[in-house]
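All residue numbers for the sequence shown refer to this note's numbering, where the first residue is -12 and numbers rise by one.
Where a beta carbon is used, it is the ideal one built from N, C-alpha and C, also for glycine.
Predicted model, so just to flag it, every value in this text is computed and none were measured.
Contents: one structure, followed by commentary.
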Amino acid sequence: MLKSTLLWIFAVLFTIGIAVYQRLTGPTYPVDEEITLAGEHLEFELPRSHGGPTDAPVEIEVPDNSFDGKIKFKRLGTNDSLRTISMHYQDGKLIGHLPHQPPAGKLKYELFLEKDNEQLKANEETVVIRFKGAVPNYILIPHIILMFTAMLFSTRTGIEALIKGRQTYLYTTITLITLFLGGLVLGPMVQFHAFGDAWTGWPVGGDLTDNKTLVAFIFWLIAFFRIRKSRENRVWVIIAAVVLLAVYLIPHSALGSEYNYESGKVETGK
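Right under this line is the structure:
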């Protein structure tokens, strides 16, 4: 009993670590920046994703209204000239809004802050923000929970197979079900609400998120049938667990959907 409890604790901590890794490495998560301007140290986040029909807010906490800011931006993949938005002070923040774009449309932007005639570029590298449609929480939250539940059980199942535990078949079944529901049922629903297409992986597109989910599911499906046929076929379970781990180590939303402003179509693998 103690051994099983310790293994579950390890699996939970390992899964949390993977979740943190995905949070820090994905191309749609905010960029952390900090600068010192006129003797004032400022720390802030610059968004790289925005959902819904509204403009995307860029907000910087500042000590007082003596700070000014502006945002220079253009549509990604176009020959547009840079446009400039002035930020305004409100409730301890400088606030600017990047104009709403079609689902999967992207803007690249730079932030400039000024105080006492001193101006600094606030971000070291140009930031790219991707717009998407609003995904209902009743779809998004179960999707996230099921995907990380699949990772949790995948880890625990791989360990169970390594130690030749009696629960390998049961845990394999739970992993397969949660991965199927989270990745191949709710995943396309999230994709449809966000970008207008339910599936953009193989064979219709090159979306990396869809493709890696499909690959992981196929390996777990093979593992399920092999372990059901014989409880000695544990190597397939270990392979499937390693494959899913590799999938989760690929930054989330890498090579995803991107709106082509010339054709007016959403392309994948960008």
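Residue i and residue j closer than 8 Å at C-beta
i, j, result
"Val49", "Gly145", "no"
"Ala94", "Leu63", "According to the sequence provided, residue 94 is Leu. The question's Ala does not apply to it. In contact: Leu94 and Leu63 (Cβ atoms closer than 8 Å)."
"Leu69", "Lys80", "no"
"Val234", "Ala203", "yes"
"Pro14", "Pro190", "no"
"Tyr248", "Ala91", "no"
"Leu201", "Gly188", "yes"
"Ala137", "Leu166", "yes"
"Thr155", "Ile214", "yes"
"Trp207", "Ala181", "no"
"Leu33", "Val122", "no"
"Thr41", "His75", "no"
"Val(-1)", "Leu133", "no"
"Ile209", "Met176", "no"
"Arg153", "Leu(-6)", "no"
"His130", "Gly183", "no"
Residue i: first and last residue of the uninterrupted alpha helix (DSSP H) it sits in
i, result
"Arg266", "Shown here, the chain extends from -12 to 257; a query on residue 266 therefore has no answer."
"Asn124", "Asn124 to Leu149"
"Asp55", "Looking at the DSSP string, Asp55 is not in any alpha helix (DSSP H); the run it does join, the beta strand (DSSP E), is Asp55 to Arg62."
"Leu265", "Lying before the first or after the last residue shown, residue 265 is absent from the chain, which here runs from -12 to 257."
"Ala43", "Unbroken run through Ala43 is the beta strand (DSSP E), Ala43 to Glu48; no alpha helix (DSSP H)."
"Asp197", "Leu195 to Lys216"
"Arg10", "Leu(-11) to Thr12"
Burial state of residue i (16 or more Cβ within 10 Å)
i, result
"Phe221", "At residue 221 the sequence reads Arg, which differs from the Phe that was named. Classification of Arg221: buried, given that the 10 Å Cβ count is 16 or more."
"Val172", "exposed"
"Lys102", "buried"
"Ser141", "buried"
"Thr196", "buried"
"Lys216", "exposed"
"Glu147", "buried"
"Gln178", "buried"
"Leu29", "buried"
"Arg10", "exposed"
"Val229", "exposed"
"Lys199", "buried"
"Ser244", "buried"
"Phe(-3)", "exposed"
"Ile231", "Sequence inspection shows Leu at residue 231; the Ile mentioned does not correspond to that position. With 16 or more Cβ atoms within 10 Å of its Cβ, Leu231 is classed as buried."
Residue i - containing beta strand (DSSP E), residue span
i, result
"Gln106", "Glu105 to Lys108"
"Ile237", "Per DSSP, Ile237 belongs to no beta strand (DSSP E) and is neither H nor E."
"Gly38", "Ser36 to Gly38"
"Asn220", "Where Asn220 is concerned, there is no enclosing beta strand (DSSP E), given that its DSSP letter is neither H nor E."
"Asp51", "Premise fails: Asp51 is in no beta strand (DSSP E) and is neither H nor E."
"Arg117", "Val114 to Lys119"
"Val253", "Lys252 to Glu254"
"Thr258", "Any answer about residue 258 is impossible in this case: the structure gives the chain only from -12 up to 257."
"Tyr246", "Glu245 to Asn247"
"Gly79", "Careful: Gly79 lies outside any beta strand (DSSP E) and carries neither H nor E."
"His28", "Glu27 to Leu33"
"Glu101", "Lys93 to Lys102"
Below-8 Å beta-carbon distance, residue i vs any chain D residue
i, result
"Ala91", "Reference to chain D is not applicable here, since this structure consists of a single protein chain."
Practice prompt. Indicate whether the contact test is met: 3 or more Cβ pairs, each with one atom in the stretch 39 to 55 and one in the stretch -9 to 6, closer than 8 Å.
Written response: no
Worksheet item: Taking contact to mean at least 3 C-beta pairs separated by less than 8 Å, is the stretch 111 to 118 in contact with the stretch 157 to 166?
Response: no
Worksheet item: If you pair each beta-carbon of the stretch 96 to 112 with each one of the stretch 17 to 29, do three or more pairs fall below 8 Å?
Response: yes
Practice prompt. Please determine if the stretch 56 to 64 and the stretch 84 to 104 are in contact, where contact requires at least 3 C-beta pairs separated by less than 8 Å.
Written response: yes
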